[in-house]
Amino acid sequence: MPLAGKRILLVISGGIAAYKSLDLIRRLRERGAEVRPVMTAGAREFVTPLAVGALSAGHVYTDLFSREDEQDVGHIRLARDCDLIVVAPATADLMAKMANGHADDLASTVLLATDRPVLVAPAMNPKMWAHPATRRNVETLRKDGLSFVGPNAGEMAEGGEAGLGRMAEPLEIVAAVEGLLDGGAKPLAGRTAIVTSGPTHEPIDPVRYIANRSSGRQGHAIAAALARLGADVTLVSGPVTLPDPKGVDVIRVERAEEMLQAVLGALPADIAVMVAAVADWRVATANTEKIKKKPGEGPPPLLLAENPDILKTIGHHAQRPKVVVGFAAETQDVETNGRVKLQKKGADVIVANDVSPETGIMGGTHNSVKLITAAGIEQWPDLSKDAVADRLAAWIAARLT
Ligand code: CTP
């Protein structure tokens, strides 16, 4: 019972995704959590308090000015008498109210009065999600310290329009809840993960090498996020200037060959996330002495040899981890190339991104990725590399459950 003894206040606002909140209540309760629901007037247009009350096995709170509810716990106690508040679905309107500190109904008042952590699972039409007003509100809420899970891409429940705005699946929300609850059991506890990160350096001679622009930020953030969810993480890192992530075993390597050996040495594992920008080629025979300029001879030729493909090796290994995640750094045809890599490398998912110089992703702090699986493609919004890492870790946890 990973959430045994945890009390969750679930705020349900008025969107069609409210039907998924019924399943969310079940999922939270089967993990041992106690769920106290608050419904907005809009939410009650989509699902009935009767259904919500039956699943949560308790009172459903709906009115700010209900004498009965106020006598029961009162809105201030309701706001604080819990370990976490989950807003699912969070409509554009409720998020706008939250970002501006409105308190004109029970849900918004509770959210303003609380001192507990808040997890928001937005759900709305893609155009509403993309609107500058919603972008500003999300940014404000993030700055205020609220956490987000989703939205995902895909067909909207109302049909027709596709895009970003679908509420995260109940199991993804549960994984995010478990990640946020301090001391709560971790969804990846007892799981092992191998993460590669950073560039590799392929020596030309003792003083020169071939390298690339990878900073290791995304890989290190993923190692840290998996560890926060309880995984036992081995991070195999190429040369980077970053500090070691907390609670992670770090193996430092330079060359692709060394990285492969370190990864194979860390098997078996439940999860492999190959983020490193491994050099595809090494110098066939690196000089043991510094290459000297020889007058009249011109530059020395560099004969290259192909490096092992670490992801492909792991994706087809006899001890293949249950979840194998690859990245695809592309400058063109991101989706097509990502799909080819998914297949060729034996991965469960390819996290593809456009690393053209104008995106500033390579070496930068933000990332804009597409998740490519056999089931389809999911575009994630532009997020910090830390946020991509948290979301990917939650995705992996949900996939393993
Ligand atoms: N990868 C790897 N070993 C290699 C090359 C790549 O493990 N020798 C992994 C990366 O860590 C990443 C994925 O494979 O998860 C894709 O890397 P990328 O550089 O995008 O693709 P390549 O296979 O190198 O193909 P190309 O450079 O032709 O795009």
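Sequential numbering of the sequence shown, starting at 355, is according to the numbering used here. All C-beta atoms in this analysis are idealised placements derived from N, C-alpha and C, irrespective of residue type, glycine included.
- Residue range 486-497 is occupied by the alpha helix (DSSP H) that includes residue 494.
- Annotation for residue 699: the continuous alpha helix (DSSP H) segment containing it runs 688-699.
- Taking 6 Å as the cut-off, the C-beta of residue 630 counts as close to a heavy atom of the ligand CTP.
- At the C-beta level, residue 410 and residue 389 come within 7 Å of one another.
- By the C-beta criterion, the region 467-485 is judged to be in contact with the region 515-533, since at least 3 inter-stretch pairs fall below 8 Å.
- Looking from the CA of residue 563, the closest CA among 583, 635, 626 and 543 belongs to 635.
- Residue 561 sits exposed, since fewer than 16 C-beta atoms from the chains shown fall within 10 Å of its C-beta.
- Judged by DSSP in its simplified three-state form, residue 506 adopts strand.
- A direct Cα-Cα distance of roughly 6 Å separates residue 467 from residue 430.
- Residue 447 and residue 733 have their C-alpha atoms roughly 23 Å apart.
- Secondary structure note for residue 370: it is in no beta strand (DSSP E), with a DSSP letter that is neither H nor E.
- Fewer than three pairs of CB atoms, one per stretch, sit closer than 8 Å, so the region 641-648 makes no contact with the region 610-621.
- The shortest CA-to-CA distance from residue 750 to any of 387, 461, 545 and 478 is the one to 545.
- Ranking 417, 717, 380 and 387 by CA distance to the CA of residue 397 puts 417 first.
- Checking the 6 Å criterion, the Cβ of residue 707 is out of range of every heavy atom belonging to the ligand CTP.
- Set against 6 Å, the gap from the CB of residue 663 to the closest heavy atom of the ligand CTP is smaller.
- Secondary structure at residue 437: coil, using DSSP grouped into helix, strand and coil.
- Relative to the ligand CTP, the nearest heavy atom lies less than 6 Å away from the CB of residue 683.
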